[in-house]
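Numbering (the numbering used here), first residue to last: 740 to 1330.
Note that the Cβ used here is the ideal one computed from N, Cα and C, for glycine as well.
All of these numbers come straight from a predicted model, not from anything done at the bench.
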């Protein structure tokens, strides 16, 4: 079950419509997104690169850039320490290529997901010293690396942190106050620092790295526009790291997708072809569900170095080979994920875990590299904060995914005494602990959880009720002004009530698509598509109306079925013909 709510934010739609020469319909959609002041509206409708903020506004960025300039001029060795996910790989690529262009003596390392875990560690620091490295630059990690950075400083290394994760803190057990934990790095570049005046706080790690390179280019007297090609890689990272597509992120993704569609990167072109999307206009979906997972798979099941080598490749045959490896690894990742999800669901449904408000599931056979993906799938199924734990090389490791009503990072902070390591943000976290503490963690999180029954019901916020007669090709064209869609700028959801079903058709070799002919009280008909669990639809119709009504629906005979739907309008193109159709995202029967 889910609850439906209609957004009803107040705003002067007529004035916005007139000023920006858009319809009142689109003006209302903007207001529903909290986009009401004219500067923000202009930035949203005209997301040009010249509207990106000045990098120098970010705390320590100028300090870090000046340090790097001196290191480059003095021929000091620089090592980039990244992360093994898409954001980390793109961050390294941007820093590595940017520093090389400025004349830097630079190399990179990426920790092994299984053997080393996330972020810079003591071994990486000690190895850097042995290799004669003078300066370490972290990207997409480092803000929580208190001990490794302290060791680096004792060894005489210069350390610059570029990161975007939440600032770590401890909870004072006596007062309950937060105590911020600071690293001893020479420069800490992270817009989420409380004393950072950078106007936009939701950049991904690659975007922070880009800002540093943009400033370095300025110092070395390169034109600002020479940094713009990196926006392609920042956009990939922004989409895959699932940060909000608002403000600067919207500008980055909008322009980055344009660059990606005409990419000159040999490795990306090979990956796009290998995954079968070379003849498509690439959008958020293709990056988030095809390109991104293929890049991620190398870090999950092999080495993220392979994904970076793909991006850096200058040989087409080498790129083809690497792209094929990444695609095959992603296929293996999908298999491991499906097997893992099935195991976890069976554990929950067959034990007392199904009664918990916070799901903490320990299954040693799960591949730790896909624990986070599995946690996300399970969270979606049960709409509860979910932590999936498995057996790592040194104790139990796992990942958590949360719901809007539950700050998983903060709740794990309250259990810090039984955790070996943890990090993340309100919606996702990683952790490790002793096996003996798994039961204790589960009990504590559930005992401390203030989640109500209402919190555990998914909520859907509808932009507006939109009758079938209002849907047109022009309206759909206007909706494109809101793209790209993603977290923080979701695709609009429209609703309509009391629709009759004239006929139904089950489509697809797997019977996983349902086409409905919808009829409203004004005699307007339109096709609606439901993708996914057709059996669930059939079961609910039979339970509410009886099997005879379901048979009537499939035969096109007059029936008693009345439905309310949530949908997004789209255009169906088939055999040279175009027609309007609705993509039904949710439905309920109205009897």
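Query: Run of the beta strand (DSSP E) containing residue 965, from where it starts to where it stops; Result: Note, residue 965: premise wrong, no beta strand (DSSP E); not H, not E.
Query: Any chain D beta carbon closer than 7 Å to residue 907; Result: Here there is only one protein chain, and chain D is not present.
Query: Segment contact flag, the stretch 1034-1049 with the stretch 809-817, C-beta cutoff 8 Å, min 3 pairs; Result: no
Query: Test item: CB-CB of residue 977 and residue 990 under 7 Å; Result: no
Query: Residues that residue 1100 bridges to, as DSSP identifies them; Result: 1127
Query: Length of the line joining the Cα atoms of residue 771 and residue 1102; Result: 42 Å
Query: Proximity winner among 763, 1245, 1303, relative to residue 1294 (alpha-carbon distances); Result: 1245
Query: For residue 1312, the three-state DSSP class (helix, strand or coil); Result: strand
Query: Pair within 7 Å by beta-carbon distance, residue 826 and residue 944; Result: yes
Query: Whole beta strand (DSSP E) elements within the stretch 836-883, 3-residue minimum; Result: 844-848, 874-878
Query: C-beta atoms of residue 841 and residue 955 nearer than 7 Å; Result: yes
Query: Candidates 929, 1308, 1275, of which the one nearest residue 1267 by Cα; Result: 1308
Query: Beta-ladder partner(s) of residue 1228, from DSSP; Result: 1225
Query: Rounded Cβ spacing between residue 1040 and residue 1061 (contact assumed at less than 8 Å); Result: Contact doesn't hold; Cβ gap of about 14 Å is too wide.
Query: Cβ contact (3+ pairs, closer than 8 Å) linking the stretch 1110-1118 and the stretch 1078-1096; Result: yes
Query: Ranges of the alpha helix (DSSP H) found wholly within the stretch 763-835, counting only runs of at least 4; Result: 763-771, 777-784, 800-812
Query: Rounded separation between residue 921 and residue 1161 - CA only; Result: 16 Å
Query: Limits of the unbroken alpha helix (DSSP H) element including residue 734; Result: This structure gives no information on residue 734, because the portion of the chain shown stretches from 740 to 1330.
Query: Status (buried if at least 16 other CB within 10 Å, exposed otherwise) for residue 1313; Result: exposed
Query: Exposure label - residue 744; buried when at least 16 CB within 10 Å; Result: exposed
Query: Helix, strand or coil at residue 1326 according to DSSP, with G and I counted as helix; Result: strand
Query: Beta strand (DSSP E) segments (min. 3 residues) lying fully within the stretch 1181-1251; Result: 1198-1201, 1233-1246
Query: 4-residue-minimum alpha helix (DSSP H) runs that sit fully inside the stretch 982-1065, ordered along the chain; Result: 986-999, 1005-1013, 1031-1040, 1044-1051
Query: Cross-strand partners of residue 898 (DSSP beta bridge); Result: 875
Query: C-alpha gap between residue 982 and residue 1122, whole angstroms; Result: 20 Å
Query: Limits of the unbroken beta strand (DSSP E) element including residue 742; Result: 742-745
Query: For residue 1202 and residue 1227, the rounded distance between their alpha carbons; Result: 14 Å
Query: Identity of the residue in 792, 1109, 752 nearest residue 777 by Cα; Result: 752
Query: Selected residue, minimal CA-CA separation from residue 999, among 1020, 1015, 986; Result: 1020
Query: Neighbour-count burial assignment, residue 1004, 16 or more Cβ in a 10 Å radius; Result: buried
Query: Inter-residue spacing [alpha-carbon to alpha-carbon] between residue 1206 and residue 938; Result: 40 Å
Query: Residue of 1301, 1253, 1223, 1217 minimising C-alpha distance to residue 764; Result: 1217
Query: Helix, strand or coil at residue 924 according to DSSP, with G and I counted as helix; Result: coil
Query: Assigned exposure category for residue 774 - 16 Cβ within 10 Å defines buried; Result: buried
Query: Euclidean distance between Cα positions of residue 1232 and residue 1323; Result: 10 Å
Query: Which of helix, strand or coil DSSP assigns to residue 971; Result: helix
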